[in-house]
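Residue numbers (full-length UniProt numbering): 1 to 135.
Ideal Cβ positions, reconstructed from N, Cα and C, are used throughout, including at glycine.
None of these values were measured; they are calculated from a predicted model.
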């Protein structure tokens, strides 16, 4: 994990993403979570992003990742959800059929995402206020 450098920007932007299973069903096993982590990591790398941390429970997953300023987060999230749904539907077809009545669905349509930084908002406000503004 480091500062990202591109032609027009130097950035260090991170996000915390939470995805929940459809109907908040407790469907994810340890093996499924490992598969989700691998697929999401590949998807992030393909998009110039970096997975920092991943973990999950039977009904949701948490990701902390670094991304580029030109990245459209909604498209990135949808790409990760689509990729993991496809892989899980193939690898764990029987388990998912039991829970989702044969439908190829894994994720809820909604998600939570929040930007993260190395300092608090109050500290950033203080830093900006302390800038030497010309008279």
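Beta-carbon proximity of residue i to residue j, cut-off 8 Å
i           : j           : result
residue 17  : residue 105 : no
residue 144 : residue 33  : With the chain running from 1 to 135 in the structure shown, residue 144 is simply not present.
residue 56  : residue 28  : yes
residue 99  : residue 39  : no
Rounded straight-line distance, which links the Cα of residue j to that of residue i
i           : j           : result
residue 21  : residue 71  : 24 Å
residue 107 : residue 128 : 40 Å
residue 73  : residue 85  : 18 Å
Exposure label - residue i; buried when at least 16 CB within 10 Å
i           : result
residue 118 : exposed
residue 124 : exposed
residue 23  : exposed
residue 36  : buried
Presumed contact (8 Å Cβ cut-off) between residue i and residue j, rounded CB distance
i          : j          : result
residue 26 : residue 59 : 5 Å
Proximity winner among the options, relative to residue i (alpha-carbon distances)
i           : options    : result
residue 111 : 90, 83, 62 : 62
residue 53  : 94, 84, 65 : 65
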